[in-house]
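The sequence shown begins at 95 in the numbering used here and counts up one residue at a time.
To start, the structure under review is shown below, and the notes come after it.
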Amino acid sequence: MDVKTIGIIGCGLMGSGIAEVAAKSGFQVLIREQNEQLLKKGLGRIESSLGRAVAKGKLSAEDKAAVQTRLSGAVGLDDALATCDLVVEAVTEDAGLKQGIFRALDAICPANTILASNTSSISVIDLAAVTRRPNQVLGMHFFNPVPVMPLLELVRTVQTDDATLDSARAVGERMGKKMIVAKDAPGFVVNRLLIPYLLDGIRVYEQGLASREDIDNGMMLGANHPMGPLTLTDFVGLDTTLFVADVLFAELGETRFKAPTLLRRLVSAGHLGRKSGRGFYQYGS
Ligand code: CAA
Ligand code: NAD
95 MDVKTIGIIG
105 CGLMGSGIAE
115 VAAKSGFQVL
125 IREQNEQLLK
135 KGLGRIESSL
145 GRAVAKGKLS
155 AEDKAAVQTR
165 LSGAVGLDDA
175 LATCDLVVEA
185 VTEDAGLKQG
195 IFRALDAICP
205 ANTILASNTS
215 SISVIDLAAV
225 TRRPNQVLGM
235 HFFNPVPVMP
245 LLELVRTVQT
255 DDATLDSARA
265 VGERMGKKMI
275 VAKDAPGFVV
285 NRLLIPYLLD
295 GIRVYEQGLA
305 SREDIDNGMM
315 LGANHPMGPL
325 TLTDFVGLDT
335 TLFVADVLFA
345 ELGETRFKAP
355 TLLRRLVSAG
365 HLGRKSGRGF
375 YQYGS
């Protein structure tokens with residue numbers, strides 16, 4: 095499959111980044127959001143990121159304009175998505191919501207369209223199983239921020255066929271990503287290792303072992319991480335981290351995947367991290 099047009103469902107932190115990188119790589123990109131306000135916010139995030147790239151001399155004003163002509167956005171899942179060779183779903187980490195979207199995409203898209211999920215933790219075969227094309231479904235797990243992080247983790251289910259994996263790999267290469275292939279097991283490779291580390295960072299803070307700044311500085315200065323665990327959880331989103339922890343704990347049952355109470359309480363309070371202006375730290379005014 096020679097992918098030319100990519101649909102992106104959900105234009106939050108990840109969907110906006112995937113859409114930006116896809117359009118920069120020459121693909122036609124159709125973005126879909128759940129309402130006008132969130133669509134505007136997501137497109138605004140892409141606009142600012144492209145603007146920053148121009149200001150830094152990494153992208154010319156002409157190239158920015160060309161990228162923008164390849165991007166279009168709308169609300170809801172419509173028949174225009176039938177023109178997509180590949181659709182990457184990047185909505186909120188909720189299995190029921192994602193299954194509903196896969197069911198709808200399966201009804202709209204032609205038989206050869208590949209359906210991918212950017213899920214952090216949800217079993218990809220559970221999404222594939224609601225479609226009539228489980229062999230053409232895989233995980234394409236991008237990392238945040240998508241324009242910067244080199245990795246694309248391809249997740250192969252027991253039913254994903256070679257042609258689908260090859261097409262996804264070709265898309266990743268055109269986007270300039272380095273790829274690893276993981277089995278469809280809880281957390282794949284990266285989140286199986288990263289999420290318990292983030293949860294432990296929160297537990298260390300919850301137990302009062304050190305201040306949030308000292309915990310973060312400890313891991314930045316002592317282990318050379320670009321961000322400490324609390325800053326990184328704010329960056330990923332506390333809601334996303336909690337959803338992922340709950341899936342991993344439910345599937346694996348190990349206490350290292352159990353979400354700390356503090357994380358659950360902060361999410362209930364709407365402190366979702368950088369995207370909501372407040373998480374472990376405060377952002378903006
Ligand atoms: N979009 C585009 N470019 C961005 C960006 C964004 N959102 N954020 C930063 N950049 C670019 C900057 O423009 C800058 O580019 P140049 O060097 O070309 O000027 C470069 O990234 C470095 O940025 P800064 O100097 O502003 O900041 P920094 O050095 O602190 O780096 C960072 C920022 C790249 C985010 C770095 O802190 C980092 O790597 N943090 C860890 C990120 C991480 O671990 N991500 C994975 C999260 S887990 C996940 O994604 C999986 C999951 O399922 C939950
Ligand atoms: P987010 O909350 O920033 O964005 C999710 C977006 O999905 C929102 O804009 C929401 O309006 C939209 N959405 C919800 N229902 C929709 C629907 N029915 N139709 C269209 N859009 C809908 O979350 P995010 O961080 O971008 O995460 C998205 C996915 O990517 C999740 O599966 C998450 O686990 C995964 N992921 C997140 C990260 C991260 O660091 N945040 C990294 C890799 C993968």
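C-beta atoms are modelled at their ideal positions from N, C-alpha and C, and glycine is treated no differently.
Please read these numbers as outputs of a predicted model, since none were measured by experiment.
Using a Cβ distance threshold of 8 Å, residue 126 and residue 168 count as a contacting pair. Straight-line spacing of the CA atoms in residue 269 and residue 115 works out to 6 Å. Near the ligand CAA, meaning a Cβ closer than 5 Å to any of its heavy atoms, lie the following residues in chain order: 143, 214, 237, 238, 239, 241, 242, 320, 321, 330. Taking C-beta atoms as the reference points, residue 239 and residue 272 fail to come closer than 8 Å. By the beta-carbon neighbour count (other beta carbons within 10 angstroms, threshold 16), residue 184 is buried.
Residue 273 has 246 as its beta-bridge partners, per DSSP. The DSSP assignment places 165-169, 180-183 as complete runs of the beta strand (DSSP E) inside the region 155-205, in order along the chain (cut-off: 3 residues). Linking residue 100 to residue 152 through their CA atoms gives a straight-line distance of about 24 Å.
A distance criterion of 7 Å places the beta-carbon of residue 210 beyond contact range of the ligand NAD, judged by its closest non-hydrogen atom. Non-local beta-carbon contacts of residue 290 in its own chain, meaning distances under 7 Å to residues more than five positions away in sequence, involve 350, 351 in chain order. Straight through space, the alpha carbons of residue 335 and residue 207 are spaced by roughly 30 Å. Our two residues, residue 339 and residue 189, have alpha carbons roughly 14 Å apart in a direct line. Within the model, the alpha-carbon separation for residue 150 versus residue 144 is close to 10 Å.
Annotation for residue 271 indicates a beta carbon at 7 Å or more from all heavy atoms of the ligand NAD.
Of all alpha-carbon atoms in 103, 193, 139, 342, the one lying nearest the alpha-carbon of residue 128 is that of 103.
Comparing C-alpha distances from residue 259 to each of 242, 280, 235 shows the shortest one belongs to 235. When distances are taken from the beta-carbon of residue 108 to the heavy atoms of the ligand NAD, the shortest one is below 7 Å. Secondary structure note for residue 99: its beta strand (DSSP E) is the uninterrupted segment 99-103. Its chain contains 102, 184 as the residues whose beta carbon lies nearer than 6 Å to that of residue 109, once the 5 sequence neighbours on both sides are disregarded; these appear in chain order.
Less than 8 Å separates the beta-carbon of residue 248 from that of residue 233. In this structure, residue 191 has its beta carbon less than 7 Å from a heavy atom of the ligand NAD. By the C-beta density criterion, residue 296 is buried, having at least 16 other C-beta atoms within 10 angstroms.
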